[in-house]
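Let me begin by presenting the structure, written as structure tokens, before commenting on it.
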Amino acid sequence: MIYLLGMLAIFIISDGLLTHALVGNDLLVEGNPLMVPLVAQGNLMLLKLVGTIICVIILWDLYRRFPRLAVISTSCFVIAYGAIVFWNFGLLLSLGIMVPSWLAESSGGGLPGFR
């Protein structure tokens, strides 16, 4: 359970960092209308950090009372946030940002879209 909670925390924080990098630099637009004001004001990372701590505490408390339910629900959250983070990271790579030079120049002339 500790590993699942750690992975969930890492995914939530990574989602905030990727969102801040993509939306904060005007590369993309936030798709969640409830999050637009938070991203625009710069309060997103504070909300993500506090929310992560609260979620981990609640899930750990649930684990002490109902271990099976906690493991299943935490696993679902990890899968969902993992998908979101990989989607956002894919967007970051598709924009050609943060691509290592060895990756951009590999495979005989580079990858399409990475210049």
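For the sequence shown, the numbering used here gives the first residue as 195, with consecutive numbering after it.
Virtual Cβ for every residue (Gly too), placed ideally from N, Cα, C.
Since we're looking at a predicted model, the values are computed, not measured.
Reference residue i, options the options, closest by Cα
{"i": "I278", "options": "N226, L221 and A264", "result": "N226"}
{"i": "L202", "options": "C249, R262, L256 and S288", "result": "C249"}
{"i": "L240", "options": "W254, H214, S288 and V265", "result": "H214"}
Cβ shell of residue i (< 7 Å), same chain only, five flanking positions each side left out
{"i": "L212", "result": "V279, N282, F283 and L286"}
Local conformation of residue i per DSSP, three classes
{"i": "F260", "result": "coil"}
{"i": "N282", "result": "helix"}
{"i": "M229", "result": "coil"}
{"i": "G276", "result": "helix"}
{"i": "L211", "result": "helix"}
Assigned exposure category for residue i - 16 Cβ within 10 Å defines buried
{"i": "H221", "result": "One detail in the question is off: residue 221 reads as Leu in this sequence, not His. Under this definition L221 is an exposed residue."}
{"i": "A274", "result": "exposed"}
{"i": "D209", "result": "buried"}
{"i": "R309", "result": "Confidence at R309 is low in this model, with a pLDDT of 39, below 50, so the placement of that residue should be treated as unreliable; the coordinate-derived value is given next. Its Cβ having fewer than 16 others within 10 Å, R309 is exposed."}
{"i": "V230", "result": "exposed"}
{"i": "V223", "result": "exposed"}
{"i": "L228", "result": "exposed"}
Residue i: CB within 6 Å of a non-hydrogen atom of the ligand ATP
{"i": "L256", "result": "Absence of the ligand ATP is noted for the structure shown, with no ligands found whatsoever."}
Own chain partners of residue i with C-beta closer than 8 Å, once the 5 adjacent residues on each side are dropped
{"i": "G245", "result": "I206"}
{"i": "L242", "result": "It is worth fixing the name first, because residue 242 is Lys in this sequence and not Leu. Around K242: I206, I207, D209 and G210."}
{"i": "L263", "result": "L256"}
{"i": "S267", "result": "L253 and L256"}
{"i": "V233", "result": "T213, H214, V217, G218 and E224"}
{"i": "V265", "result": "M195, L198 and Y257"}
CB-CB length for residue i against residue j, believed under 8 Å
{"i": "S269", "j": "L199", "result": "Contact flag wrong, Cβ pair sits at about 11 Å."}
Cβ-based neighbour list, residue i, same chain, cut-off 6 Å, excluding 5 preceding and 5 following
{"i": "F271", "result": "L202"}
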